[in-house]
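Heads up: the sequence lines are chains R and U, in that order. Numbering of the first sequence is given in this note's numbering, commencing with residue 2 and proceeding in unit increments. Numbering of the second sequence is given in this note's numbering, commencing with residue 2 and proceeding in unit increments. Built from N, CA and C at the ideal position, the CB exists for glycine as well. Keep in mind it's a predicted model, so treat the numbers as computed, not measured. To keep things clear, I will list the structure first and then write my remarks on it.
There are 2 protein chains.
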Amino acid sequence: MATHEPAALLRERGLRVTAQRLALLRAVAAHPHATADRIGDACRAELGTMSKPSVYDGLTLLVERGLVRRIQPARSPARYESRVGDNHHHVVCRSCGRMEDVGCAVGARPCLEASDDHGFVIDEAEVLYWGLCRDCRAT
Amino acid sequence: MATHEPAALLRERGLRVTAQRLALLRAVAAHPHATADRIGDACRAELGTMSKPSVYDGLTLLVERGLVRRIQPARSPARYESRVGDNHHHVVCRSCGRMEDVGCAVGARPCLEASDDHGFVIDEAEVLYWGLCRDCRAT
DNA sequence: CACCAAACGTTGACTCAGTCCAAACTAGCC
DNA sequence: GGCTAGTTTGGACTGAGTCAACGTTTGGTG
Chain R
2 MATHEPAALL RERGLRVTAQ RLALLRAVAA HPHATADRIG DACRAELGTM SKPSVYDGLT
62 LLVERGLVRR IQPARSPARY ESRVGDNHHH VVCRSCGRME DVGCAVGARP CLEASDDHGF
122 VIDEAEVLYW GLCRDCRAT
Chain U
2 MATHEPAALL RERGLRVTAQ RLALLRAVAA HPHATADRIG DACRAELGTM SKPSVYDGLT
62 LLVERGLVRR IQPARSPARY ESRVGDNHHH VVCRSCGRME DVGCAVGARP CLEASDDHGF
122 VIDEAEVLYW GLCRDCRAT
């Protein structure tokens, strides 16, 4: 389904459609929860060459425009994913760093209401579940 | 109240009581949500000298032993706080990075149940509310 | 088509948090 | 006093991410 194919998404956000950006979007979609480094590698495999700043700048731009989401768990470089807009969260393995998507148990917009917001206007609740994955528990 | 004064807490965890560790605990308590760097400064102000590795090693040890909690919001160095055990979360300002404590609206152990845990055994749910603080909204 | 400004992309140097390592020191214990 | 394990130190190092300056492409306009 091409209802929201990449090029259209970029244009909708006032961004030029470039080979790099398309490659970034494709790489993020193909490698969910990958680091900027790995995404850069994937783009380079496709395009031949892509500089480090281009990878970071491009990802930052896509994050700002809401096409990509950045997750930064403790003790790990930032990771990226293309599932945006729905309200899912992540489990992270304390041992190996593996990350998986999870829906939240508490309805559609869980935890979005803080009990005391200290005058903040909150636009996102980020939930990370920490634990051990099956493989790491086995060892 | 000295029901849980620092030296006793350290000994309970099988840790030697050293001037550095006491200073770390005091610094974390006195500067909630401070970075390792600021905590190091506070300790140095108290002790005269304390090396960078000592600050990091000490903090890591205290985190492992459950005396201090580490929070690592995206695009920010790790922060530390001494409120552990209770189930509170944090609001972070996207603009200035300010961080405040909040209780969660959804009962005592909110969101600790993921809808599908992918075989993970979860021991902690970390919730970050992102938004803009009053000061940054004013500008 | 020719020109121009704005947007893109590149290289290379740089910053900054955090870690590693080997050596020196200290405290408790025989 | 001498042992031994735990602590602390300085300094070098790593790795993620950013900056700045310079060249290149793109699309709009006359």
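Item, Value
"Mind listing the chain R neighbours of CYS1(U)? Cutoff is C-beta to C-beta under 9 Å, in chain order.", "Because chain U spans 2 through 140 in this model, residue 1(U) falls outside it and cannot be assessed."
"For ASP124(R), which three-state DSSP category applies?", "strand"
"Is it the case that the Cβ atoms of ILE123(R) and TYR130(U) are separated by a distance below 7 Å?", "yes"
"For chain R, check one thing: does any of its Cβ atoms lie closer than 7 Å to the Cβ of LEU129(U)?", "yes"
"Whole angstroms are fine: how far does the CA of LEU23(R) sit from the CA of GLU47(R)?", "11 Å"
"Tell me, please, whether the stretch 33-49 of chain R touches the stretch 75-89 of chain R by the rule of three or more beta-carbon pairs shorter than 8 Å.", "yes"
"With 7 Å set as the bound, which would you pick, yes or no: does the beta-carbon of SER65(R) sit closer than that to a beta-carbon of chain U?", "In the sequence under discussion, the amino acid at residue 65(R) is Glu, which differs from the Ser named in the question. Closer than 7 Å: no."
"Let me know the secondary structure DSSP gives GLY98(U) once reduced to three states.", "coil"
"Given that a residue counts as buried once 16 or more other Cβ atoms are within 10 Å of its Cβ, and exposed if not, what is GLY59(U)?", "buried"
"Which one of ASP118(U), SER96(U), GLY120(U), MET100(U) has the shortest CA to CA distance from THR140(U)?", "SER96(U)"
"Classify VAL128(R): buried if its beta carbon has 16 or more other beta carbons within 10 angstroms, exposed otherwise.", "buried"
"Any residues in the stretch 47-79 of chain R with a beta carbon nearer than 8 Å to a beta carbon of chain U? Which ones, in chain order?", "ARG71, ILE72, GLN73, PRO74, ALA75, ARG76, ALA79"
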